[in-house]
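Below you'll find the structure, written out as structure tokens, and then a few comments.
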Amino acid sequence: MQPLDVSIFGPLTAAYRRIINDVSEHMGTINKAQFATFYAQAREKTFERLPVQDLAIPRTNTTLNVMLNAFHQEPNRRDADRLKHMVMKAHEEVRARNSVLEFENTLLRQQEDRSKRIAAKVKRKERTGDWMVLSKDKMITRKYAERELVTKKPAIAANWRKHRQKKRRQEEEEVVAPPLAAADDGDNASEDGDEALLTSPPTPSPPPMQRFLDELDDSEPLSAITDGDNDPFGFFDTLPQPGPSCTQC
């Protein structure tokens, strides 16, 4: 046998007690007929009333506070349980929505990290002061040039010392020796100088200019033309001669 669940009689007893309290001021005793009437009224209010429509799930803090206050002030256990269930449902929906947002945020963060890694592999990120130094072989960074300079500084100093020593030896070897003393033969030295001047090759004369003007006429040069010849080339003979009428005018 299953134990009887008497918890359902709690709301019925509360409703019957409220009805008795209302009519006790006017009645001293309650007979069987009155008990049946009051019991039917309490049963109708507790079990046979129309179901209450579902309340909206709270979306704001203000609505949630109103529902919690109503939950504490609700005298009916059934209404209180219903409000409690709706509050728990709203809390579960909020948790589910937050879980979805956290998952989306995690995916976006992973995509951003992946994009950063790909960008770092494709193109090196420029830094402040990391200038490019141009050499004859390739482009190098300033940091690389400074590191190579520190590494090769002893070798550079040694090469510079060798260069200075070599240059000093060359300067010592290039010192001009004093000229040999010529024999003192009196006036012969001056005569030798005069002979050297006389035997020096003379300066070549400029080439003669050609007389291009004389070659204009192969048969007769310009020098043979006299001033009295008004038309030596016969240019005016080729022109038309004026007629008698023009001559008389």
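1 is the number of the first residue of the sequence shown in the UniProt record's numbering; add one for each residue after it.
The C-beta atom is built at its ideal place from N, Cα and C for all residues, glycine as well.
Task: Straight-line gap, Y16 to L107 (C-alpha atoms, nearest Å) - done: 60 angstroms
Open item on the list: Distance check for I156 and V150, CA to CA, integer angstroms please.
Closed with: 10 angstroms
Task: Buried versus exposed, by CB contacts within 10 Å (16 or more), T62 - done: exposed
- [ ] Confirm, please, whether the CB-CB distance from I19 to F35 is below 8 angstroms.
- [x] no
Task: Environment of T46 [buried if 16+ CB atoms lie within 10 Å] - done: buried
Task: Segment limits, alpha helix (DSSP H) that includes H163 - done: Run containing H163: R142 to E173, per the alpha helix (DSSP H) assignment.
- [ ] If I'm right that A42 touches L12 with Cβ under 8 angstroms, what's the distance once you round it to whole angstroms?
- [x] 6 angstroms
Open item on the list: Please return the same chain residues whose Cβ sits closer than 6 angstroms to the Cβ of M1, not counting the five positions on each side in sequence.
Closed with: Residue confidence is low: M1 scores 43 on pLDDT, short of 50, so the model does not pin down where it sits. Its coordinate-derived value is still stated next. For M1, where only same-chain residues beyond five positions count, there are no Cβ hits under 6 angstroms.
Task: N21: first and last residue of the uninterrupted alpha helix (DSSP H) it sits in - done: F9 to V23
TODO: Give the secondary structure of H91 by DSSP, where H, G and I count as helix, E and B as strand, and everything else as coil.
DONE: helix
Open item on the list: Whole angstroms are fine: how far does the CA of R95 sit from the CA of E104?
Closed with: 14 angstroms
Task: Enclosing alpha helix (DSSP H) for T46 [first to last residue] - done: K32 to T46
Task: DSSP-derived helix/strand/coil call for M27 - done: coil
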